[in-house]
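Residues 6 to 310, numbered by my numbering, are exactly what the sequence shown covers, in order.
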Amino acid sequence: MISFKKILLVAAAALCCLGAVAQELNCTFEVDSKKVKNANKDIFNTLQEAVNEYLNTTVWTDAQFAPNEKIQCKMFLSVAEYDESTGKMKGDLQIQSTRPVYNSAYTTSLINFKDTRIEFTYDNNEQLVYNEQEMQNNLTAILNFYALLVIAIDFDSFALNGGDPYYEKLGNIVRMAQSTGESGWKAFEDSKNRSAVLSAYTDKQTSAIREVIYNYHRLGLDQMATSVDKGRATVTQQLETLKAIYDVAPMSVCLSMFKDAKMDELVNIYSKANSSEKEKVYELLYPLYPTETERLNRIKNTENM
6 MISFKKILLV AAAALCCLGA VAQELNCTFE VDSKKVKNAN KDIFNTLQEA
56 VNEYLNTTVW TDAQFAPNEK IQCKMFLSVA EYDESTGKMK GDLQIQSTRP
106 VYNSAYTTSL INFKDTRIEF TYDNNEQLVY NEQEMQNNLT AILNFYALLV
156 IAIDFDSFAL NGGDPYYEKL GNIVRMAQST GESGWKAFED SKNRSAVLSA
206 YTDKQTSAIR EVIYNYHRLG LDQMATSVDK GRATVTQQLE TLKAIYDVAP
256 MSVCLSMFKD AKMDELVNIY SKANSSEKEK VYELLYPLYP TETERLNRIK
306 NTENM
């Protein structure tokens with residue numbers, strides 16, 4: 006007969022397993038402090054450890070994730086300034102995330118974005134605490150924002166408007182942070198800050214970028230294992246939508262975010278396209294990215310393989 010104690014142990018183990026698969030991110034956070042001179046570098050090591058633990062142990066959603074389903078992402082903090090007396094750091098943060106493509110060994114980039122307005126205060130061995138209802142400090146607010154942006158865009162790539170609940174959470178983060186006056190959150194502060202990023206994915210003029218994300222990945226890339234031509238045709242249709250976004254909001258940060266994540270991939274996608282398709286894609290993208298002549302010419306001029 007099974008003892009009551011054994012039943013409790015089994016139940017506890019099951020609960021632990023449920024908690025383990027609920028966490029969503031497999032995120033690597035790295036700190037580069039080479040630009041900071043004459044400072045105790047231990048602070049940057051403890052910061053790196055604390056943020057890695059925070060990102061990878063916080064449960065961000067109600068969704069269940071098996072270990073092999075976790076979203077792969079990286080964040081690189083480059084510290085340009087550090088005031089040892091106050092603990093204040095300034096620098097920039099590169100955020101990258103990827104997603105697997107169906108029935109292939111290929112992974113595609115979803116985000117490759119640099120935030121140049123990173124400012125926060127961190128004390129050595131400070132514990133980072135997640136609180137959805139209150140802004141604890143600017144560091145956790147920044148981390149919360151990009152963790153949830155990674156999740157929102159990942160969910161959008163698998164289901165049309167799948168990221169809706171997470172954009173709502175992003176909106177709450179931005180509203181709380183704006184009330185503090187911290188840099189990087191203010192509306193109209195610049196065209197690429199965190200407020201602008203949220204607006205790019207939620208404002209009526211530009212929110213079609215989320216349909217682009219879904220169609221490009223789920224109906225385009227994921228279908229290429231079955232039919233390369235059909236998948237590529239769907240990708241081309243998304244570039245037409247991207248051009249429509251440019252026509253109404255040419256300065257939207259979602260356009261540069263798409264370019265930074267996808268331009269090299271587009272060169273590869275159209276390497277086997279016919280000349281008329283290459284020409285069409287070139288004509289669609291050149292007005293959006295006139296400084297990308299080299300890569301656009303590679304799309305236009307690559308010989309069929």
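Heads up, the beta-carbon is just placed ideally off N, CA and C, and yes, glycines get one too. Keep in mind the model is a prediction, meaning the values are calculated, not measured.
From what residue to what residue does the alpha helix (DSSP H) around residue i run?
i: E284; result: S280 to L290
i: Q242; result: V233 to V253
i: M181; result: D169 to Q183
i: L30; result: Here L30 belongs to no alpha helix (DSSP H); instead the beta strand (DSSP E) covers L30 to D37.
i: V155; result: N143 to F163
Excluding the 5 residues preceding and the 5 following residue i in the sequence, name in chain order all residues of the same chain whose CB lies nearer than 8 Å to its CB.
i: T239; result: N220, Y221, L224, G225 and Q228
i: A44; result: S38, Y87 and E89
i: E58; result: L133
i: A164; result: Y219 and R223
i: M181; result: E139, M140 and A146
i: E173; result: none
i: M268; result: Y294, E297 and R300
i: N143; result: E124, F125, T126, A182, T185 and E187
Helix, strand or coil for residue i per DSSP?
i: Y87; result: strand
i: T298; result: helix
i: V272; result: helix
i: K119; result: strand
Kindly give me the distance between the Cβ atoms of residue i and residue j, rounded to whole angstroms, as I take these residues to be in contact under 8 Å.
i: Y287; j: I304; result: 6 Å
i: R215; j: G168; result: 7 Å
i: V272; j: L247; result: Actually they are not in contact, since the Cβ atoms of V272 and L247 sit about 16 Å apart, beyond 8 Å.
i: I178; j: F150; result: 5 Å
i: E29; j: T62; result: Actually they do not touch by this definition, with Cβ atoms about 11 Å apart.
i: T121; j: D97; result: 5 Å
i: L60; j: A152; result: 6 Å
i: R237; j: A278; result: 6 Å
Quick one: residues in its chain with C-beta nearer than 7 Å to the C-beta of residue i, no 5 flanking neighbours on either side, listed in chain order?
i: N117; result: Q101, D265 and A266
i: Q53; result: F34, E35 and V36
i: T103; result: Q77, T112, T113, S114 and L115
i: K316; result: Given that the chain is displayed from residue 6 to residue 310, the structure contains no residue 316 and the question cannot be resolved.
Using a Cβ-Cβ cut-off of 6 Å (strictly less than) and excluding sequence neighbours within five positions of residue i, which residues of its own chain qualify?
i: Q210; result: V253 and A254
i: E124; result: K95 and S188
i: V41; result: V84 and Y87
i: V202; result: V258
i: N108; result: A230
i: I48; result: N129
Between residue i and chain C, is any beta-carbon pair separated by less than 7 Å?
i: N220; result: In the structure shown, chain C does not exist; there is a single protein chain.
Jot down the residue ranges of each uninterrupted alpha helix (DSSP H) in the segment 55-116, minimum 4 residues, whole runs only, in chain order.
-> none
Alpha helix (DSSP H) runs wholly inside the segment 181-219, at least 4 long, in chain order = 199-207 and 213-219
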